[in-house]
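Undergrad: For reference, the structure I am asking about is given below.
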């Protein structure tokens with residue numbers, strides 16, 4: 002039972018465009034409410050994965066309970082639910098917001114409104130959240146809080162006259178944010194006497210307790226010993242413990258009641274049993290209807306993930322298994338490649354999700370990986386009238402029996418200074434985009450709306466966009482169904498052998514250019530070997546690009562300083578190490594860098 | 038290890054040079070007389086300590102550098118005198134031809150021969166004046182001829198000349214000319230090194246401007262040199278070393294045969310008592326009595342194979358068996374067969390050895406055989 006009355010509870014989230022200071026503001030709020038001992042304070046405390054701190058993004062949602070004594074003299078319980086900050090994780094964001102009654106909207110005082118500012122605002126408004134605008138980074142020389150405040154009023158229609166103008170970095174005016182949260186965000190409306198309905202907004206796996214489920218209790222109450230049921234999956238568990246999330250620990254409680262945010266443990270073995278968005282109820286007094294908005298998250302982007310050293314296959318499987326415990330959006334199944342041996346076909350929410358998983362596998366599990374070119378799910382219509390879904394080029398049907406192809410599309414919004422409209426439109430045109438419309442957000446900022454094929458944005462779209470707009474553009478997209486498309490499969494041949502891991506599906510308009518580029522990249526990245534290696538890129542049986550890696554002739558340590566055998570040995574070790582990083586394809590050895598180079602193939606490169 | 042082998046080498050590093058050659062990354066610098074004197078004393082002190090504590094007698098001695106002749110003939114002979122040598126000990130001193138032709142006279146050479154020096158190695162690099170200038174060498178062809186005469190006058194017949202391959206302006210013809218110079222001079226041994234642009238050298242900074250031959254051209258130059266040297270009676274016995282039969286450098290063979298040697302002096306490496314160790318590249322600390330740095334165990338099969346494969350003799354079943362009580366692993370022979378088909382390796386029932394073309398790819402091939 003909470004110590005404060007219901008009307009003193011505030012459940013809120015912080016939403017912002019990437020880099021507008023969400024995690025730093027969260028740090029300050031934790032400090033101001035004495036939630037963390039000074040000695041335990043590390044920057045971006047809630048982003049507790051190294052990767053999150055390094056990349057400056059929040060990958061997992063987090064939640065923390067803060068106690069705050071407001072200027073009105075009353076004790077408040079503030080539940081801060083931190084949300085992931087990237088388009089790949091839109092569904093997670095929407096569930097976190099559904100657990101809140103209000104949101105702090107941070108806007109950078111120099112940059113103003115960006116793509117995710119708006120995307121997140123719309124999401125918050127969809128959930129009827131009370132928004133508290135906060136203008137951050139007033140310490141920056143380029144800060145122009147007046148202009149940004151006017152922008153927010155004009156575009157979002159939020160009154161900014163009382164908006165705190167803060168510097169989360171220096172701590173200036175941050176206490177005003179706490180006051181606004183207390184004043185502007187409503188207390189939860191909650192009825193403890195209804196059957197239990199608790200929204201799962203996140204879950205994490207703990208090796209001792211099993212899955213720890215983070216919930217917002219909407220109706221009713223839950224306590225240890227209750228038998229709970231997940232309404233979407235039907236799974237049932239006996240509650241072991243309930244409690245509150247503190248900044249650095251979990252605090253057990255007797256029960257969680259309507260309006261509160263807290264955790265449940267129930268010896269749940271996988272996060273798949275506690276899906277984000279699902280509703281928890283009790284078997285003793287079940288709710289009639291689940292809370293709205295649940296959907297099963299589906300992988301959008303797929304690629305093959307292989308251990309660089311075949312002996313690591315088991316370790317890779319174990320690592321994927323462990324990551325999946327914590328990440329229901331990650332899917333994987335075993336696959337075999339003629340070129341790469343045994344590995345897994347993995348599914349991700351998007352390219353960022355893919356990169357994060359790859360980096361975590363390499364770093365946290367110390368695995369050396371080779372990944373294949375990412376693919377989306379294509380729908381291929383066959384002459385017998387059937388439709389197959391293909392996410393792996395290896396399974397691409399014989400072109401002779403294909404009658405039509407479809408590819409997934411997105412609705413993409415790009416926000417950029419008007420100076421860059423040309424550059425952005427060039428890029429979108431290049432990526433087979435269909436222009437929809439363009440609106441001026443302010444005199445010098447525009448929202449450019451394009452319909453873009455998903456497979457054009459999963460490679461390097463965001464990086465290219467950033468570089469062409471000198472970092473000023475921001476980007477957001479949502480899926481927009483399938484459209485007919487002219488697709489073909491490209492095969493890469495080394496020394497006459499098809500390298501299955503390098504095959505990919507591409508739109509026919511782009512096949513020739515890409516084939517040439519791939520051949521060049523491979524030529525540049527495959528070191529000369531003992532014999533000449535022809536590189537060919539082919540569609541069906543037809544070669545559309547070719548290059549040759551000349552035979553190596555010289556690799557010798559002619560002179561070695563008197564007796565310094567160690568230097569020779571080091572060279573030998575390096576050479577052997579280099580060999581390990583090579584993939585043997587028939588007689589050809591391909592370094593992983595060559596795969597990476599093909600993978601990272603960009604338009605400017 | 039040391040008692041099992043009948044030979045023990047002694048390497049002495051003299052880190053002094055008149056000036057630094059722009060392609061060289063060995064440890065050397067210009068020093069004053071006082072430093073040279075103190076350095077010589079430190080060398081002698083070290084030799085005496087090692088000899089006394091381990092009761093050593095050396096079968097080969099090699100002064101390398103830097104430029105040992107920069108130490109001066111008197112100091113060199115002082116060092117040689119304190120060394121406990123076998124009766125047939127090979128004692129080599131690397132000399133700069135410019136030092137010999139311009140600064141030394143016959144009595145300097147006699148200091149050396151009297152103390153026991155019986156082999157001289159000099160850097161010719163090229164008989165072509167333009168090529169020598171591009172390498173920043175002081176001596177011209179005339180000075181080298183004068184230096185060779187001085188060596189011969191002193192009674193030393195066993196001398197070696199260094200050539201460099203793959204250097205700016207070089208052609209196949211100029212290589213033939215350089216090899217002919219070596220033969221005519223009466224050299225018994227030629228070391229012929231492909232230029233490698235080392236990190237941190239002046240050549241590295243200006244590599245693009247150097248007009249260096251490309252990979253294919255320098256390979257041709259190497260093969261031309263091998264061929265020309267054979268024609269002139271110098272038989273190849275190591276990747277970069279050629280000799281009139283019987284005049285191979287016994288000291289350097291110690292390295293390639295993975296036998297033990299002691300290295301004294303700043304930056305000198307040792308393989309002694311089964312251990313590898315070395316002195317830091319720091320003359321000052323060597324003079325003040327620094328102790329060597331541990332560099333791990335030596336003498337494994339991998340190390341032995343790596344070194345032996347630099348020799349034309351290569352790996353032999355008997356040689357491997359003598360050292361390790363097993364024969365050439367069959368896995369290795371299997372891999373060698375692939376290279377043999379491409380003319381990179383010569384394979385017999387009893388041995389694996391690299392051909393000249395194979396030597397050009399020796400790093401790759403050896404790594405392949407040992408992986």
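Residue numbers (my numbering), protein chains in the order written: chain V, 2 to 606; chain W, 38 to 408. Note that the Cβ used here is the ideal one computed from N, Cα and C, for glycine as well.
#1: What's the call for residue 190 (chain W), buried or exposed, on a 16-neighbour Cβ count within 10 Å?
#2: Determine the DSSP secondary structure at residue 62 (chain V), reduced to helix, strand or coil.
#3: Smallest Cα separation from residue 175 (chain V): which of V:190, V:135, V:196 and V:152?
#4: Runs of 4 residues minimum, wholly inside the segment 327-396 of chain V: which ones carry the alpha helix (DSSP H) assignment?
#5: List in chain order: all unbroken alpha helix (DSSP H) runs of 4+ residues lying wholly within the segment 222-266 of chain W.
#6: Under a three-way DSSP split, which group does residue 57 (chain V) fall into?
#7: So the beta strand (DSSP E) residue 440 (chain V) belongs to, where does it begin and stop?
#8: If you reduce the DSSP assignment to three classes, tell me which class residue 197 (chain W) lands in.
#9: Taking only beta carbons into account, state which residues of the segment 557-579 of chain V come closer than 7 Å to chain W, listed in chain order.
#10: Below 8 Å between beta carbons: does that hold for residue 295 (chain W) and residue 247 (chain W)?
#11: Taking a cut of 7 Å between CB atoms, which residues from the segment 242-266 of chain W lie near chain V?
#12: Let's see if you can read the secondary structure: which residues bound the beta strand (DSSP E) around residue 308 (chain V)?
#13: Where are the alpha helix (DSSP H) runs, 4 residues long or more, that stay fully inside the segment 65-146 of chain V, in chain order?
#14: Considering only their Cβ atoms, is the gap separating residue 316 (chain V) from residue 251 (chain V) smaller than 8 Å?
#15: Residues of chain W with CB under 9 Å from residue 489 (chain V), in chain order?
#16: Sort out for me which residues DSSP pairs residue 13 (chain V) with in a bridge.
#17: Answer with yes or no whether the minimum CB distance from residue 594 (chain V) to chain W is below 8 Å.
#18: Classify residue 377 (chain V) as buried or exposed, calling it buried when 16 or more other Cβ atoms lie within 10 Å of its own Cβ.
#19: If you compare alpha carbons, which of W:139, W:204 and W:130 is closest to residue 165 (chain W)?
#20: Within the same chain, show all residues whose beta-carbon is closer than 6 Å to that of residue 589 (chain V), passing over the 5 residues directly before and after it, in chain order.
#21: Go through its chain and collect everything with a Cβ distance to residue 324 (chain W)'s Cβ below 7 Å, but skip five positions before and after it.
#22: Can you give me the C-alpha to C-alpha distance between residue 273 (chain V) and residue 201 (chain V), rounded to a whole angstrom?
#23: How would you label residue 23 (chain V), buried or exposed, when you count the other beta carbons within 10 angstroms and need 16 or more for buried?
#24: Give the interface partners of residue 313 (chain W) over in chain V, defined as CB-CB distance under 8 Å, in chain order.
#25: Leaving out the 5 sequence neighbours to the left and right, which residues in its chain are closer than 6 Å to residue 265 (chain W) when beta-carbon positions are compared?
#26: Measure the beta-carbon distance from residue 116 (chain V) to residue 414 (chain V) and round it to whole angstroms, keeping in mind my assumption that it falls under 8 Å.
#27: Which residues of the segment 370-390 of chain W have a Cβ closer than 7 Å to any Cβ of chain V? Give them in chain order.
#28: Considering residue 258 (chain V), what are the terminal residues of the alpha helix (DSSP H) in which it resides?
#29: Any idea what DSSP makes of residue 407 (chain V), helix, strand or coil?
#30: What runs of the beta strand (DSSP E), each 3 residues or longer, lie entirely inside the segment 188-247 of chain V?
#31: Hey, could you find the ends of the beta strand (DSSP E) residue 206 (chain W) is sitting in?
#32: So with CB distances below 9 Å, who are the chain W contacts of residue 524 (chain V)?
#33: Buried or exposed: which applies to residue 397 (chain W), given that a residue is buried once 16 or more other Cβ atoms fall within 10 Å of its Cβ?
#34: Flag this pair as touching only if the segment 318-334 of chain W and the segment 254-268 of chain W have three or more C-beta atom pairs under 8 Å; answer yes or no.
#35: Please list the partners that residue 397 (chain W) has in chain V, where partner means a Cβ-to-Cβ separation under 8 Å.
#36: I need the boundaries of the alpha helix (DSSP H) containing residue 128 (chain W), first residue and last residue.
TA: Reading from the atomic positions:
#1: As a position in the second chain, residue 190 (chain W) is number 153, starting the count at 1. By the neighbour-count rule (16 or more Cβ atoms within 10 Å), residue 190 (chain W) is not buried but exposed.
#2: Locating residue 62 (chain V) in the first chain gives position 61, counting from the first residue. Confidence at residue 62 (chain V) is low in this model, with a pLDDT of 49, below 50, so the placement of that residue should be treated as unreliable; the coordinate-derived value is given next. It is coil, neither helix nor strand.
#3: One-based indexing of the first chain puts residue 175 (chain V) at position 174. In terms of CA proximity to residue 175 (chain V), V:135 leads the group V:190, V:135, V:196 and V:152.
#4: As far as the segment 327-396 of chain V is concerned, its whole alpha helix (DSSP H) runs of at least 4 residues are 352-365.
#5: Counting whole runs of 4 or more residues, the segment 222-266 of chain W contains the alpha helix (DSSP H) stretches 239-242.
#6: For the purposes of this step, residue 57 (chain V) is taken as residue 56 along the first chain, with counting starting at 1. Caution applies to residue 57 (chain V), whose pLDDT of 49 falls short of 50 and renders its modelled position unreliable; the model cannot decide the point.
#7: Within the first chain, residue 440 (chain V) is the residue found at index 439, counting from 1. First-last of the beta strand (DSSP E) with residue 440 (chain V): 435-443.
#8: As a first step, residue 197 (chain W) is located in the second chain; it is residue number 160 there, counting from the start. If DSSP states are grouped into helix, strand and coil, residue 197 (chain W) belongs with the strands.
#9: Result list: 557, 558, 559, 560, 562, 563, 564, 565, 566, 567, 569, 570, 572, 573, 576 and 577.
#10: Here residue 295 (chain W) corresponds to residue number 258 of the second chain, with the count starting at 1. Here residue 247 (chain W) corresponds to residue number 210 of the second chain, with the count starting at 1. In this structure, residue 247 (chain W) does not lie closer than 8 Å to residue 295 (chain W) by Cβ.
#11: So the close ones are 252, 253, 255 and 256.
#12: As a position in the first chain, residue 308 (chain V) is number 307, starting the count at 1. Here the beta strand (DSSP E) through residue 308 (chain V) covers 302-308.
#13: 91-99 and 116-127
#14: The residue given as residue 251 (chain V) occupies position 250 in the first chain. The residue given as residue 316 (chain V) occupies position 315 in the first chain. No, these two residues do not count as a Cβ contact at 8 Å.
#15: As a working note, residue 489 (chain V) is residue 488 in the first chain. Correct list: empty, because the minimum Cβ distance to chain W is about 37 Å.
#16: In the first chain, the residue the question calls residue 13 (chain V) occupies position 12. For residue 13 (chain V), which the question treats as bridged, DSSP gives the partners V:81 and V:103.
#17: The count along the first chain starts at 1 and reaches residue 594 (chain V) at position 593. Not closer than 8 Å to any Cβ of chain W, the Cβ of residue 594 (chain V) fails to qualify, so no.
#18: Translated into the one-based positions of the first chain, residue 377 (chain V) becomes position 376. By the 10 Å Cβ count, residue 377 (chain V) comes out buried.
#19: The sequence position of residue 165 (chain W) within the second chain is 128, counting from 1. Here the closest residue by C-alpha is W:204.
#20: As a position in the first chain, residue 589 (chain V) is number 588, starting the count at 1. Sequence-distant partners of residue 589 (chain V) (beyond 5 residues in either direction) whose C-beta falls short of 6 Å from its own C-beta, in its chain, are 495, 496 and 534.
#21: Sequence index remark: in the second chain, residue 324 (chain W) carries index 287 (1-based). Closer than 7 Å at the Cβ level, and outside the excluded window around residue 324 (chain W), lie 75, 76 and 79.
#22: Here residue 273 (chain V) corresponds to residue number 272 of the first chain, with the count starting at 1. Here residue 201 (chain V) corresponds to residue number 200 of the first chain, with the count starting at 1. Using only the alpha carbons, I get a separation of about 12 Å.
#23: In the first chain, residue 23 (chain V) corresponds to position 22, counting from 1. Counting Cβ neighbours within 10 Å, residue 23 (chain V) comes out buried, since at least 16 surround it.
#24: The residue you call residue 313 (chain W) lines up with position 276 of the second chain. The answer, in chain order, is 566 and 567.
#25: Sequence index remark: in the second chain, residue 265 (chain W) carries index 228 (1-based). The answer, listed in chain order, is 213 and 216.
#26: Within the first chain, residue 116 (chain V) is the residue found at index 115, counting from 1. Within the first chain, residue 414 (chain V) is the residue found at index 413, counting from 1. So it is a contact: roughly 6 Å between Cβ atoms.
#27: 379
#28: Taking the first residue of the first chain as position 1, residue 258 (chain V) is located at position 257. That residue, residue 258 (chain V), is in no alpha helix (DSSP H); its beta strand (DSSP E) goes 256-258.
#29: Looking up residue 407 (chain V) in the first chain gives position 406. Three-state DSSP puts residue 407 (chain V) in a strand.
#30: 198-207, 211-220, 222-224, 228-231, 237-239 and 242-246
#31: The residue given as residue 206 (chain W) occupies position 169 in the second chain. Premise fails: residue 206 (chain W) is in no beta strand (DSSP E) and is neither H nor E.
#32: As a position in the first chain, residue 524 (chain V) is number 523, starting the count at 1. Near residue 524 (chain V) there are no residues of chain W at all, since even the closest Cβ is about 16 Å away, more than 9 Å.
#33: Taking the first residue of the second chain as 1, we reach residue 397 (chain W) at position 360. Result: buried.
#34: no
#35: Reading the second chain from its first residue, position 360 is the one you call residue 397 (chain W). The answer, in chain order, is 554, 555, 556 and 557.
#36: Counting from 1 along the second chain, the entry for residue 128 (chain W) is found at position 91. Looking at the DSSP string, residue 128 (chain W) is not in any alpha helix (DSSP H); the run it does join, the beta strand (DSSP E), is 122-132.
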